[in-house]
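Here is the structure we will look at, set down as C-alpha cells.
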Amino acid sequence: MLYVVRHGQTEWNIAKRFQGQQDSPLSNLGQRQAQAAAAFLRNAGIDQLYASPLGRAWDTAETIARQVGKDRVSDDRLKECGFGACEGMTLADIEEAFPGKTAWREGDKWNRRYPDGESYLDVVQRISTFAEEKLSDALRNDGPVICVVAHDMVNRCLVGHLSNWSQAQIMTRRQGNDEVFVLSPQGTERIMLSKV
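Residues in the sequence shown are numbered consecutively from 6, following this note's numbering.
Pasting the structure below:
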C-alpha cells in the first residue's frame, strides 16, 4: 500500500506564486491540513515515511511522523519541479520578465521548461528512479505500507508513473493540499481529507 500526500497549503499557494524548489511556510490552513493527513494515517500501519526535504513537505511529514511513530527519510528526488528563474513569481510576474514564455511552455509542457527549470519529462525521469528503488514492493498484497510526502506536480508524476497514466492525465490530475492518493494492487484512489 502506498499513500502519497501533498504538503499543506502555503503562503505562496495563497498568493499564487510558483514555489518550485524555493520555499514558503505553511499557512494556518496548511498546518490544519497536515494534522488532518496525520490523523488519516494514524492507524494505517506505515512502515516507511519518505519526504521531500523542502520545508513545506518536510514540516507536513513531521506532523505525520509524530502520529505514525516513524522517522522521516529525506530524498532529493521528491523535490518539486524546478521552475528556475520563475520561482517566487506569479504568472503576471513571469509574463513581465519573460514575455510570451508561459504561452510557449503551455504549447508543450511535457518537454518545455521555464528558464533554468524542469519539464514534466524531467520530473518523471527523476521520480521514476525513486519509485523503482524505494517503492517497488509497496504495491504487492504482502508489501510494506509506505507514505510519501511531497508536492503536487512531483506527486502526479509519481502516481502517474506507477498507475500508467497518460501524459495528459499526469499534467491535469492536480492534487489538492487536502487530498491523498492511495495506491494498492486494486488500483489508485483519491481521498479528500476534508470529507473523511
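All residues carry an ideal CB built from backbone N, CA and C; glycine is no exception. Since the model is a prediction, treat every value here as computed from it, not as a measurement.
- If you look at Glu184, you'll find it in the beta strand (DSSP E) that goes Glu184 to Ser189.
- Beta-bridge analysis with DSSP links Ile196 to Val185.
- Under the three-state reduction of DSSP output, Tyr55 falls in the strand class.
- Excluding the 5 residues flanking it on each side, Phe186 has same chain C-beta neighbours closer than 7 Å at Val9, Asn160, Val164, Gln180, Thr193 and Arg195, in chain order.
- Pairing Glu85 with His156 gives a Cβ-Cβ distance under 7 Å.
- DSSP places Ser79 inside the beta strand (DSSP E), whose first and last residues are Arg77 to Ser79.
- In the three-state DSSP reduction, Tyr119 falls in the coil class, being neither helix nor strand.
- In the DSSP assignment, Tyr125 forms no beta bridge with any residue.
- By the neighbour-count criterion, in which 16 or more other beta carbons inside 10 Å mark a residue as buried, Ala43 falls on the buried side.
- Under the DSSP assignment, Arg11 falls in the beta strand (DSSP E) whose first and last residues are Leu7 to Arg11.
- DSSP places Ala173 in no beta strand (DSSP E) but in the uninterrupted alpha helix (DSSP H) bounded by Gln172 to Thr177.
- Here DSSP, grouped into helix, strand and coil, assigns Ala155 to strand.
- Contact check between the stretch 111-123 and the stretch 44-55: fewer than three CB pairs, one atom from each, fall below 8 Å, which does not count as touching.
- Where Gln36 is concerned, the enclosing alpha helix (DSSP H) starts and stops at Asn33 to Leu46.
- If you ignore the 5 residues before and after Leu34, its C-beta comes within less than 6 Å of the C-beta of Gln14, all in its own chain and listed in chain order.
- Annotated three-state conformation of Thr15 is strand, per DSSP.
- Around the Cβ of Glu101, a 10 Å sphere holds fewer than 16 other Cβ atoms; the residue is exposed.
- A contact between stretches requires three or more CB pairs, one per stretch, nearer than 8 Å, and the stretch 20-27 meets this requirement with the stretch 84-99.
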